[in-house]
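First the structure, in the form of structure tokens, and then the observations on it.
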């Protein structure tokens, strides 16, 4: 991992990560619900990512 020295850059990277988490978790939920439901923390991560993106709007 690189040293991140710019806070704005760090936030942009987090936005990208949050969008990816929501996209992949949504795909898993829609296409493989048994896998999604067996991973309790995945739902929490998806929810937290959504909250982060809402705050950044």
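In our numbering, the protein residues as written are 5 to 61. Just so you know, even glycine gets a beta-carbon here, dropped at the ideal spot from N, CA and C.
Inter-residue CB distance, residue 53 and residue 12 (contact presumed, cutoff 8 Å): Between the beta-carbon of residue 53 and that of residue 12 there is about 19 Å, and that puts the pair past the 8 Å contact cut.
Check the C-beta distance from residue 26 over to residue 60 and give it rounded, since I have them as a contact under 8 Å. Residue 60 and residue 26 do not touch by the CB rule: their CB atoms are close to 13 Å apart, not below 8 Å.
Which listed residue (15, 41, 16) has its alpha carbon closest to that of residue 29: The option with the nearest alpha carbon to residue 29 is 41.
Beta-carbon proximity of residue 57 to residue 19, cut-off 8 Å: Yes, the pair counts as a contact, with Cβ atoms nearer than the cut-off.
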